[in-house]
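Novice: Right, I'll just put the structure down here and ask away after.
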Amino acid sequence: MKRIGRAGFLALVGTSALAGCASIATNLTENESFHRVLELPERLNLAVLGSGQPLAREYSDSAISPVFRHNGFDPPSTPDYISWSRKAWHGYRLFVTGLVETPKSYDLDTLRRSFPRVAQTTRHDCVEGWSVIGKWTGVVLRDVLADCSPKPQAKYVVFHCMDQDPGGEAYYESLDMHQAAHPQALLAYELNDRPIPIENGAPIRLKVPTQLGYKSAKYVQRIEVVAGLGGMYGNGGYWEDQGYEWFAGI
Amino acid sequence: MKQKIYRHPIIVRLTHWVSALALFVLAMSGMQIFNAHPALYASDASNFQSPVLMISGSEDMDAPEGWVQLGNHRFITTHVLGYGPNGMGGEGVRAFPSWATIPAYQDLADGRRWHLFFAWIFVICALLYARWAFDLRPTLADLRALPAALKAHLLPWRVKPRAHLNPMQKLTYFGVVFIVAPIIILSGLALGPSVDSWAPWLPAMFGGRQFARIWHFSGMIALMLFFVIHIAMVTLTGVWNNLRSMITGWFVVVPEENSEAVPVKAPVATAVKETS
């Protein structure tokens, strides 16, 4: 019989105890009622952090990361997207629909000409844990929304994107009207003074520097103002439907 | 003659066990979160070229390998760190193995749910504990008595239970509650982009957001070390007496022989009763 010694025995007891805890916790996670309890802090976090409009720190250009790391799905592969990308985005239009007095659509030139050009060099924090700093230039989301006059019953803004997961499920995200009115919530068309590269969300990417990266939806095509999430909008975003927090401030 | 003293009030006993549970859930769900990007950087944004710590591996079918890279040194840790059990019945590239993470399999979303739930519980416990632990702030006399206490604990099974905590206990508990816990809580908060917009000084205090991850991770290592030593000492210095005092509050003590060294005020002893 192999002798494992006292240290080996303690290590075995320790790892078995941990494995037991991991197994119990894994089973609890899969219990629906327990999971609802686990979800409670999100509301608390939103209540504590969600009021006010404090600004994310802006960096000097020297802090810009050499490469703006990207994550998520492959870029859109529809014939439309590929053809727009080859023609400097001629033909692409950004639509604003839903609970607005005047639904509109903008091509990139109109968007650039109609609204003030705003730049921010901010840190992008991925839910995985890494961070990169980039300079985003574009138009302030609330300016575009104001141009279309949201109706009084408007509560959320849903961003419909052109990228899809391998199963064909489209990416989408949402903000409430308060978050959408944040002065740093940007519809960006440039990254580091150049048109946004395809892998970073060309031609238009939402940038929300006060929340985790998955809120900053890439490849935005349609902005829909709605009275509530739920129903066809699931939990308010692609990753939210996979269990991630809708309020991604922590 | 032995005496029984009421050593720990209910609030201390309760928060002790709840934070012990929270600590484990936080460490295990924290390792789950770490697995999503198993690298630490000593900077604000990630300096992907030069991680301070990285735990990864290679999936090579013939020779799978797991490693921990600390600076320029690579330690092979196959089957435990970097490459190990994946919680789905097999093995794969994974920083921490499935037996050490919550949930066992890779699931960042639920790992975060667990972590952020128990983070609040830990914060509440730390705040309640702080009131009690403040009484343990080491005095100059404690620091002077430290070498003797350290020496005595080289043979922990000979240490006699006393009404007051020894200088080593005071320093350790005070340090855990007032140094390690604040570091781990604040560096964790510094990881939240919304928190940072409210308090830009918070990540700056730790040397940037990614550096705050190093502080957060190191705080976890410190608490795990504390846990191991704590368990060893509790076991070796009279396990049943120690456990009873943290469950019912009552602790059997041997009065000091040298009356001059007896501190009259034992901060947590609120009642004394004689036993045979």
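Chains U and Z supply the protein sequences, listed in that same order.
Numbers 858 to 1107, taken from our numbering, label the letters of the first sequence in order.
Numbers 1376 to 1651, taken from our numbering, label the letters of the second sequence in order.
All C-beta atoms in this analysis are idealised placements derived from N, C-alpha and C, irrespective of residue type, glycine included.
Just so we're clear, the structure is a prediction, and the values are computed from it rather than from any experiment.
According to DSSP, is I990 of chain U part of a helix, a strand, or is it coil?
Specialist: Taking the first residue of the first sequence as position 1, residue 990 of chain U is located at position 133. I990 of chain U falls in the strand class under three-state DSSP.
Novice: Would you call the segment 1003 to 1023 of chain U and the segment 1031 to 1038 of chain U in contact, with 3 or more CB pairs under 8 Å?
Specialist: With a cut-off of 8 Å, the segment 1031 to 1038 of chain U and the segment 1003 to 1023 of chain U count as touching, because enough Cβ pairs lie within range.
Novice: For R1506 of chain Z, is the classification buried or exposed, using 16 other Cβ atoms within 10 angstroms of its Cβ as the cut-off for buried?
Specialist: What you label residue 1506 of chain Z is simply residue 131 of the second sequence in a count that begins at 1. By the neighbour-count rule (16 or more Cβ atoms within 10 Å), R1506 of chain Z is not buried but exposed.
Novice: Ignore the nearest five residues each way along the sequence and tell me which others in P1578 of chain Z's own chain have a CB closer than 6 Å to its CB.
Specialist: Here residue 1578 of chain Z refers to the residue found at position 203 of the second sequence. Counting only Cβ-Cβ distances below 6 Å, and skipping sequence neighbours, we find A1565, D1571, R1584 and A1587.
Novice: Drop a sphere of 10 angstroms on the beta-carbon of S940 of chain U, count the other beta-carbons inside from all chains shown, and report buried for 16 or more, exposed for fewer.
Specialist: Along the first sequence, one-based indexing puts residue 940 of chain U at 83. S940 of chain U is exposed by the Cβ-count criterion.
Novice: Helix, strand or coil: how does DSSP classify L1044 of chain U here?
Specialist: Position 187 of the first sequence, counting from 1, holds the residue named residue 1044 of chain U. DSSP places L1044 of chain U in strand when its eight states are reduced to three.
Novice: Between R969 of chain U and W1576 of chain Z, what straight-line distance do the alpha-carbon atoms span, to the nearest angstrom?
Specialist: For the purposes of this step, residue 969 of chain U is identified with residue 112 of the first sequence, where counting begins at 1. For the purposes of this step, residue 1576 of chain Z is identified with residue 201 of the second sequence, where counting begins at 1. Approximately 35 Å, taken between the alpha carbons.
Novice: At a Cβ threshold of 8 Å, is D982 of chain U touching chain Z?
Specialist: Position 125 of the first sequence, counted from the start, is the residue given in the question as residue 982 of chain U. Chain Z contact via Cβ: present.
Novice: Alpha carbon to alpha carbon, how far is A879 of chain U from Y1458 of chain Z? Give it in angstroms, no decimals.
Specialist: For this step, residue 1458 of chain Z is matched to residue 83 along the second sequence. For this step, residue 879 of chain U is matched to residue 22 along the first sequence. If you take the alpha carbons of Y1458 of chain Z and A879 of chain U, they lie about 18 Å apart.
Novice: Do the segment 932 to 949 of chain U and the segment 1044 to 1060 of chain U touch if we need at least three Cβ pairs shorter than 8 Å?
Specialist: yes
Novice: Shortest alpha-carbon distance to Q1481 of chain Z belongs to which of Z:V1609, Z:H1454, Z:H1412 and Z:L1561?
Specialist: For the purposes of this step, residue 1481 of chain Z is taken as residue 106 along the second sequence, with counting starting at 1. Residue Z:H1412 is the option with its Cα nearest to Q1481 of chain Z.
Novice: Buried or exposed, going by whether 16 or more other CB atoms sit within 10 Å of the CB of V1637 of chain Z?
Specialist: Within the second sequence, residue 1637 of chain Z is the residue found at index 262, counting from 1. Reliability of the predicted coordinates at V1637 of chain Z is poor, the pLDDT of 45 falling under 50, and the value obtained from them is presented with this limitation in mind. Burial call: exposed.
Novice: If the cut-off is 8 Å on Cβ atoms, which residues from the segment 1484 to 1513 of chain Z count as contacting chain U, listed in chain order?
Specialist: A1484, D1485, R1487, R1488, W1489, L1491, F1492, A1494 and W1495
Novice: Give me the chain U residues within the contact set of R1469 of chain Z, using Cβ-Cβ distance strictly less than 8 Å, ordered along the chain.
Specialist: Your numbering for residue 1469 of chain Z matches position 94 in the second sequence. Those within 8 Å of R1469 of chain Z in chain U number zero; the least Cβ separation is about 13 Å.
Novice: Measuring alpha carbon to alpha carbon, tell me which residue in Z:S1433, Z:W1573 and Z:M1463 is nearest T1453 of chain Z.
Specialist: Translated into positions along the second sequence, residue 1453 of chain Z becomes position 78. Among Z:S1433, Z:W1573 and Z:M1463, the Cα nearest to that of T1453 of chain Z is on Z:S1433.
Novice: Could you check if M1019 of chain U belongs to the surroundings of the ligand HEM, using beta carbon to heavy atom distance under 7 Å?
Specialist: Annotation note on the ligand HEM: not contained in the displayed structure, which lists no ligands.
Novice: Can you list the residues of chain U that H1412 of chain Z reaches, using a CB-CB cut of under 8 Å?
Specialist: In the second sequence, counting from the first residue as 1, residue 1412 of chain Z sits at position 37. The contacting residues are C983, E985, G986 and W987.
Novice: Buried or exposed, going by whether 16 or more other CB atoms sit within 10 Å of the CB of I1430 of chain Z?
Specialist: By one-based count along the second sequence, residue 1430 of chain Z stands at place 55. So I1430 of chain Z ends up on the buried side.
Novice: With a CB to CB cut of under 6 Å and the five nearest residues on each side skipped, what residues in its chain are close to E1102 of chain U?
Specialist: By one-based count along the first sequence, residue 1102 of chain U stands at place 245. Taken in chain order, the residues that qualify are E899.
Novice: Kindly list the residues whose CB is nearer than 6 Å to the CB of R926 of chain U, restricted to its own chain and excluding five residues on each side of it in sequence; keep chain order.
Specialist: Counting from 1 along the first sequence, the entry for residue 926 of chain U is found at position 69. Once the five neighbours on either side are set aside, the close Cβ partners of R926 of chain U are V989.
Novice: How big is the Cα-Cα spacing for T1665 of chain Z and G1441 of chain Z?
Specialist: Nothing can be reported for residue 1665 of chain Z, as the shown portion of chain Z is limited to 1376 through 1651.
Novice: Note down, in chain order, every chain Z residue with its Cβ under 7 Å from the Cβ of Q1099 of chain U.
Specialist: For the purposes of this step, residue 1099 of chain U is taken as the residue at position 242 of the first sequence. The contacting residues are A1484.
Novice: Starting from C1018 of chain U and walking both ways along the beta strand (DSSP E), at which residues does that stretch end?
Specialist: As a first step, residue 1018 of chain U must be located in the first sequence, where it is residue number 161. Segment Y1013 to Q1021, the beta strand (DSSP E) holding C1018 of chain U.
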